[in-house]
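Student: Supplied in structure tokens, the structure appears directly below.
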Amino acid sequence: MHPSSFTSSSKDIARFAAKVAAFLVLLVALDRAIGAAAEYLYFRTRDGDTGGQVNGLLAAKSDIVIFGSSRAESHYVPDVLEKSLGASTFNAGFKGSNSLYDYGIEQLLLKANRPRLIIYDFSSISVARTRSNPYDKLAPLHPYWRNAEIWALIEESGPLAPWHFLSWIYPYNSKFHSIAIFNVRRNRPGASNGFVPQHSRMAESPVGELRVREESYDGNLVAYAAKFISSAHEHGVKTIIVISPRHAAGTYPLPRELRMLADRLQVPVLDFDIAAYPQFTQAKLYRDETHLNVEGATVFSRLIAEHLSELADPRVPAREELPRQIPSGRT
Amino acid sequence: MLFNSIHFLFFFFPLVTLAYFALPHRYRWMLLLAASCYFYMAFIPVYILILGVTIVIDYFAGIWIEDSTGSRRRKYLLFSILSTCLVLFVFKYYDFFAVNLDGLAELIGWNYSIEVLQVILPIGLSFHTFQSLSYVIEVYRGRQKAERHFGIYSLYVMFYPQLVAGPIERPQNLLHQFREHHRFAYERVRSGLLLMLWGLFKKVVVADRLAIYVDSVFSNVPLHNGTTLLVATVFFAFQIYCDFSGYSDIAIGAARVMGFNLMQNFNRPYFSKSIAEFWQRWHISLSTWFRDYVYIPLGGNRVGRARLYFNLLITFTISGLWHGANWTFIIWGLLNGVYLVFSAATASLRAGLSRRTGPHRVLPALHPLFKVGLTFTLVCAGWVFFRAANISDALLVFRKMAGDHGMPFTGGAKDLIYGTLGIVPVLSFDYWTRGRRFEEVVTERPVAARWAVYLFLVLGLLGMGVFDASQFIYFQF
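Protein chains in written order, with this note's numbering: chain U, 64 to 394; chain V, 2 to 478.
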């Protein structure tokens, strides 16, 4: 190599290294500043569509907490349960979530406050095998990455996943609009204790047939659903599993592992199959085939409350006293 | 390995680049070849053997063609083309033809059944095949000397930045660069890194965000109304643009950092004023490949009208088939061919009409805007076929767009917000740069403006990117 070209290249390398170092310093400073501001503002919110409701749940210290995906989010009206049972209720259902998310948020809840009853609304989507990485569903819990249980889940999601958290902005990725909105507005329109009423009605249509097979379930997600139940049991929190109604004949098959666990821990399983509850064949109660609208949710919440209020002390139902609509071994 | 993975960005790329500049020039090809093999084997390791077969065939075919005279040259060329295409056919098209032949046999009552192979398509095989073909064809045409160094030839078809999704390089542009000594040059490295950053922004912030909305709509077409499908189609137009041009920018940038110049693959395609112009600006390395090796050998435009139309239709139909073994891709290609035939057939009529009505005089500012809008609309109509799972879904999309309108689906409100926010800088930069390269325009700015752009891109990635390391759309081809 020509000596002058070597010198020129070395100068370029030194210049490049200096610029990269300066850029990194500036980048880290900005990342820290924006990340710290986002953290402060995020934890002031109590509702939102990107996980802000987790803050609301932890602050509420409710007696009854409902977990699950969009079906849980749409089907349980906390105000109805509260009025009927005299027990504070929070709906922690979250659209598109899976059992990893449920387990993560449950761990946060159990650390902050122990509810008296957990209602786990089981839906196939919570444990379904998907093409995408199921750990991506943990994104709403990323602001809580310093929590040991959440960090363990992040580490599980891939060997390089923890690298993302070198950035302080990253935990608030795609949450900025929500942070801005819910620092100004307290709740989503009409929302109360995590429940967002859905007013639309599906068109009249014949009852379809549910086609979900247990083989389509992801083993790891089923294991996390089981961990969710056993973790509540270990913390002395009573739990019931509910399969809420949908506009279709048939029911979601409860995974074998979950069935056996429910049997062993005597966790009641309530299946609101429309064959046993014909009132839920009415299309006017639904916003689509899978989700109840606010009218349907109110009817359903009253029904759940009736089951619980049959007990002597609705706030602390004894497991053996809870109605068992179906043998827990049934699929 | 994916360009948008931590594995690539934090480990592979920096380590390979550092080692490249640290090594003496005579060892660099070995490093790049080994790194390229590792890069490819990160997908399905055993599939590197398939590339190995075509590399050996085309390496020797190139030498035999150069060393032969008369009809033997043509025979070696045909042998090379047929064997390279056979590999592509087996892995990409065999099942498609088997299923369609089976269906045809059933239709005419012929009891005939062909087994399907159901093998996974080796990633980027179509790109690899076309780059190999361009080498043997150029050697045959005498425009390129056969490469005698097996390692350098292997590197030409395996060079990791453009191995799995192009740009599809010509040997005249790339081969000689492996013999040149590239020094570390500050301006060039900065320019390459900036281009990579811009490509990453387009992929992770825009394309992957739009993909969430587009996928949820196109996977359930019957459930959505025409307005939603219209929004999803426009989003798909930007998704595929940002996905593929993002990939190309990262590829070109990564190569440039090490001193290699790859050809430009996109040039503001959605600012085209006609379909012909669009195809000069979209996936340029593939369009020029089809122009040089299919369209011109068929006679190009130096033929009669009927033959010209035939050439256009056949070239674009093959281009559609290249994209995928599915009728949706074939119809997409054919539709673009029909656009061009219509454009050629009505050129004088439209010019006369334009002279008489003079829209360019009445509304001089709006006339080009109208042309851009019309071209974009026609391109989007094609994208419906490109994106739909099957033809019946595509036709349903058009039926719903024609009449079934209402409030658009806002299930992923966050994806709508960030997707739309992401499109704005992409379109703005495309408009602002006016045909010049993004990195050229940025590096001409004062230091404060330059650094503001760098920080905007990096902080945008951290704050709005989708970090699920999803594949690039064109990997499937």
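Where is the CB? At the ideal position from N, CA and C, for every residue including glycine.
For Ala288 of chain U, I'd like the list of residues in its chain whose CB is within less than 6 Å of its CB, leaving aside the five on either flank, ordered along the chain.
Tutor: Ser162, Val190 and Leu321
Student: Is there a Cβ of chain U sitting closer than 8 Å to that of His129 of chain V, yes or no?
Tutor: no
Student: Using C-beta distances below 6 Å, list every residue in its chain close to Pro270 of chain V, excluding the 5 sequence neighbours before and after it, in chain order.
Tutor: The answer, listed in chain order, is Phe279, Arg282 and Trp283.
Student: Measuring CB to CB, does Gly496 of chain V end up less than 8 Å from Met402 of chain V?
Tutor: Limits of chain V in this structure are 2 at one end and 478 at the other, which puts residue 496 of chain V out of reach.
Student: To the nearest angstrom, report how far apart His26 of chain V and Gly115 of chain U are at their CA atoms.
Tutor: 55 Å
Student: What is the DSSP secondary structure of Ala338 of chain U, reduced to helix, strand or coil?
Tutor: Residue state, collapsed to three classes: coil.
Student: Can you give me the start and stop residues for the beta strand (DSSP E) that Leu180 of chain U sits inside?
Tutor: Taken as a continuous stretch (DSSP letters only), the beta strand (DSSP E) holding Leu180 of chain U covers Leu180 to Asp184.
Student: Leaving out the 5 sequence neighbours to the left and right, which residues in its chain are closer than 6 Å to Phe258 of chain U when beta-carbon positions are compared?
Tutor: Val140, Pro141 and Asn154
Student: Can you find a C-beta in chain U that's less than 8 Å from the C-beta of Arg149 of chain V?
Tutor: no
Student: Please tell me whether Ser72 of chain U has its Cβ less than 8 Å away from any Cβ of chain V.
Tutor: yes
Student: Give a yes or no on whether 8 Å exceeds the smallest Cβ distance from Ala390 of chain V to chain U.
Tutor: Output row for Ala390 of chain V: interface = no.
Student: Verify the CB distance criterion: does Leu90 of chain U have a CB-CB separation below 8 Å to chain V?
Tutor: yes
Student: Just the C-alpha distance for Tyr242 of chain V and Ser195 of chain U, rounded to the nearest angstrom, thanks.
Tutor: 22 Å
Student: Should Ser429 of chain V be listed as close to the ligand FMN, given that the test is whether its C-beta is under 7 Å from any heavy atom?
Tutor: For the structure depicted, the ligand FMN is absent and the ligand set is empty, with no information on it obtainable.
Student: Quick check: Asp184 of chain U and Phe130 of chain U, are their CB atoms within less than 8 Å of each other?
Tutor: yes
Student: May I ask you to list, following chain order, the residues of the region 448 to 463 of chain V that have a beta carbon less than 8 Å from some beta carbon of chain U?
Tutor: Trp452, Tyr455, Leu456, Val459, Leu460 and Leu463
Student: Is it right to say Asp68 of chain V is buried, meaning 16 or more other beta carbons lie within 10 angstroms of its own, or is it exposed?
Tutor: exposed
Student: Under DSSP, the alpha helix (DSSP H) around Phe219 of chain V begins and ends at which residues?
Tutor: Asp209 to Phe219
Student: Please state the DSSP three-state secondary structure of Val17 of chain V.
Tutor: Residue state for Val17 of chain V is assigned as helix, using DSSP reduced to three classes.
Student: Could you please tell me which residues of the region 174 to 187 of chain V, in chain order, have their CB closer than 9 Å to any CB of chain U?
Tutor: His182, Arg184, Phe185, Ala186 and Tyr187
Student: Classify Arg251 of chain U as buried or exposed, calling it buried when 16 or more other Cβ atoms lie within 10 Å of its own Cβ.
Tutor: buried
Student: Using a C-beta cutoff of 8 Å, does Val479 of chain V count as contacting chain U?
Tutor: No answer is possible for residue 479 of chain V: the residues shown for chain V start at 2 and end at 478.
Student: Quick one, which residues of the region 205 to 233 of chain U are near chain V if we go by CB-CB under 7 Å, in chain order?
Tutor: Residues of the region 205 to 233 of chain U whose Cβ lies closer than 7 Å to any Cβ of chain V, in chain order: Leu223, Trp226, His227, Ser230, Ile232 and Tyr233.
Student: Can you pull the chain U residues whose beta carbon is under 8 Å from the beta carbon of Phe40 of chain V, in chain order?
Tutor: Ordered by position in chain U, no residue passes the 8 Å Cβ test against Phe40 of chain V, which lies about 17 Å from the chain.
Student: So is Asp112 of chain U in contact with chain V if we call contact Cβ pairs under 8 Å?
Tutor: Yes, Asp112 of chain U lies at the interface with chain V (some Cβ there is under 8 Å from its Cβ).
Student: Quick check on DSSP: helix, strand or coil for Asn268 of chain V?
Tutor: coil
Student: Among U:Ser372, U:Ala122, U:Met323 and U:Phe245, whose alpha-carbon lies nearest the alpha-carbon of Val285 of chain U?
Tutor: Answer by Cα proximity: U:Met323.
Student: Between which two residues does the alpha helix (DSSP H) holding Thr234 of chain V run?
Tutor: Gly227 to Val258
Student: Is Ala80 of chain U close to chain V? Criterion is C-beta to C-beta, closer than 8 Å.
Tutor: Ala80 of chain U does not count as touching chain V.
Student: Check whether chain V comes within 8 Å of Leu321 of chain U, counting only Cβ atoms and requiring the distance to be less than that.
Tutor: no
Student: Any C-beta of chain V sitting closer than 8 Å to the C-beta of Ile76 of chain U?
Tutor: yes
Student: Does the contact criterion of 3 or more C-beta pairs under 8 Å hold for the region 234 to 254 of chain V versus the region 171 to 178 of chain V?
Tutor: no
Student: Where does the unbroken beta strand (DSSP E) through Thr152 of chain U begin, and where does it stop?
Tutor: Thr152 to Asn154
Student: Given this structure, state the Cα-to-Cα distance separating Leu89 of chain V from Ser220 of chain U, to the nearest angstrom.
Tutor: The straight-line gap from Cα to Cα measures roughly 35 Å.
Student: If I measure Cβ to Cβ from Thr358 of chain V and keep anything under 6 Å in the same chain, skipping five residues before and after, which residues do I get?
Tutor: Listed in chain order, the non-local C-beta contacts of Thr358 of chain V below 6 Å within the same chain number zero, local neighbours out to five positions each way being set aside.
Student: Can we say the region 124 to 143 of chain V touches the region 106 to 114 of chain V, given the rule of at least three CB pairs closer than 8 Å?
Tutor: no
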